[in-house]
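Shown next, in structure tokens, is the structure this report addresses.
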Amino acid sequence: MFFSIVIPTYNRLPILQKCLSALEIQTFDPQIVTDYEIVVVDDGSTDGSIEWLNTNTKELSHVKVYEQAHQGASAARNLGVEKAQGDTIIFIDSDLVVTPIFLQSHADALLQGQQTLGNDKLFTYGAVINTANFENPTAEPYKVTDFSNAYFATGNVAIARHWLIEVGLFDLGFSLYGWEDLELGVRLKNLGIKMIKCPAAVGYHWHPAFSLDRIPRLIEQEIERGKMGVVFYQKHPTFDVKMMVQMTIFHRILWNILSVGGLLNERTMKPLMKWLIDRDKPQLAEQFARIFLNQYSVQEVHSAYQQSLEFVSKSSG
Numbered sequence: 037m038f039f040s041i042v043i044p045t046y047n048r049l050p051i052l053q054k055c056l057s058a059l060e061i062q063t064f065d066p067q068i069v070t071d072y073e074i075v076v077v078d079d080g081s082t083d084g085s086i087e088w089l090n091t092n093t094k095e096l097s098h099v100k101v102y103e104q105a106h107q108g109a110s111a112a113r114n115l116g117v118e119k120a121q122g123d124t125i126i127f128i129d130s131d132l133v134v135t136p137i138f139l140q141s142h143a144d145a146l147l148q149g150q151q152t153l154g155n156d157k158l159f160t161y162g163a164v165i166n167t168a169n170f171e172n173p174t175a176e177p178y179k180v181t182d183f184s185n186a187y188f189a190t191g192n193v194a195i196a197r198h199w200l201i202e203v204g205l206f207d208l209g210f211s212l213y214g215w216e217d218l219e220l221g222v223r224l225k226n227l228g229i230k231m232i233k234c235p236a237a238v239g240y241h242w243h244p245a246f247s248l249d250r251i252p253r254l255i256e257q258e259i260e261r262g263k264m265g266v267v268f269y270q271k272h273p274t275f276d277v278k279m280m281v282q283m284t285i286f287h288r289i290l291w292n293i294l295s296v297g298g299l300l301n302e303r304t305m306k307p308l309m310k311w312l313i314d315r316d317k318p319q320l321a322e323q324f325a326r327i328f329l330n331q332y333s334v335q336e337v338h339s340a341y342q343q344s345l346e347f348v349s350k351s352s353g
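Following my numbering, the numbering of the sequence shown begins with 37 at its first residue and continues without gaps.
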């Protein structure tokens, strides 16, 4: 089994250094994992990432670097898969730090899954633990908030390269934030590809601790997620997708109740969030912020969908 670890990156040099260093010290059985490469696709970074990669080739012996103009993670992953030499692709993000048994864990789960199913129509889904601990990200314990019920998320998955080629890679129509990996997952699921959980393949997803100055960008992301949710649903107009993107009257009522009709928002909740942050509880502050952040996403997905229907109506008229 030859792994190609495909990593898109954009202006994440400090954590990218930790990500790649962890991948360079993998321990594995060479009879199972014959070799691996790390395919880094730089998406137009301006923070010195390319210069650092090019001047540290001896320490990064498994790394192959490709560059593209800033087009987003989907285009970067597609380029990475096209350039990959391995028979098996692992997708991770450039802010993920893995353990030394990461590759072996995915390999073991893939082989076990193939033996159980009698074929390779599967992918393995590793564990992702969120952390704000930059100095020692792998020290973070698992938390309830780290649980994910996503079918296919590119933070930590391994799959035979030929299935990605057959299903058509990532859809570049997802030009804004959100859903492009789950949409690919729907196509894989329709192809009969099974998900195998692989909790031993742990990745620690680093992001800065929640702070008030991050709120405008987080709101922007939720609005983009709502817009892309409509793109997702239009491609796959099923009830499952409708639930995923929260395009139901149930979600509108639920989040309207939770936000008290919009009264709990970034302005009214600012004192509470600041109080929690000042007491070194940024994770709890972020959970409270999710009340109004998700409300933005729900409002936008319904608004964008209504606009798309009006556009179709006018066009057909």
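For each residue, glycine too, the CB sits at the ideal point set by N, CA and C.
Secondary structure of His241 (DSSP, three-state): strand. The C-alpha of Gln121 lies about 8 Å from the C-alpha of Glu73. Under the Cβ criterion (8 Å, minimum of three pairs), the region 232–252 counts as touching the region 163–182.
Around the beta-carbon of Leu208, fewer than 16 other beta-carbon atoms lie within 10 Å, marking it exposed. Gln151 sits exposed, since fewer than 16 C-beta atoms from the chains shown fall within 10 Å of its C-beta. Taking one beta carbon from each stretch, the region 172–183 and the region 209–220 have fewer than 3 pairs nearer than 8 Å; the two do not touch. Within a 10 Å sphere around the beta-carbon of Gly214 sit 16 or more other beta-carbons, which makes this residue buried. Between the C-alpha atoms of Phe286 and Lys278 there is a straight-line separation of about 11 Å. For Ile41, the enclosing beta strand (DSSP E) stretches over residues Phe38 to Thr45. At the C-beta level, Met280 and Leu329 stay beyond 9 Å of one another. Thr174 and Ala163 have their C-alpha atoms spaced approximately 12 Å apart.
Listed as beta-bridge partners of Phe127 by DSSP are Val42 and Val193. Counting along the chain, Ala186 sits inside no alpha helix (DSSP H), nor does DSSP assign it H or E at all.
Excluding residues up to 5 positions away in sequence, His272 lie with their Cβ nearer than 6 Å to the Cβ of Val222 in the same chain. Note on Glu346: under 16 other CB atoms within 10 angstroms of its CB, so exposed under the neighbour-count rule.
In this chain, Val133 is not harboured by any alpha helix (DSSP H); it is covered by the beta strand (DSSP E) spanning Leu132 to Val134.
By DSSP's assignment, Phe159 forms a beta bridge with Ile195 and Met231. When the five nearest sequence neighbours on each side are left out, the beta carbons in the same chain lying within less than 8 Å of the beta carbon of Gly80 are those of Tyr46, Glu103, Gln104, Ala105, His106 and Gln107, in order along the chain. Rounded to whole angstroms, the gap between the alpha carbons of Val77 and Lys317 is 35 Å. Excluding the 5 residues flanking it on each side, Leu227 has same chain C-beta neighbours closer than 8 Å at Lys157, Trp199, Glu202 and Val203, in chain order.
The shortest C-alpha to C-alpha distance from Asp71 to any of Ala143, Thr93, Ile251 and Gln53 is the one to Ala143. Within the model, the alpha-carbon separation for Val117 versus Arg197 is close to 7 Å. Taking Leu254 as the centre and dropping the five residues before and after it, the same chain places the C-beta of Ala325 and Leu329 closer than 8 Å to its C-beta, in chain order. In the DSSP assignment, Glu103 falls within the beta strand (DSSP E) that extends over Val99 to Glu103.
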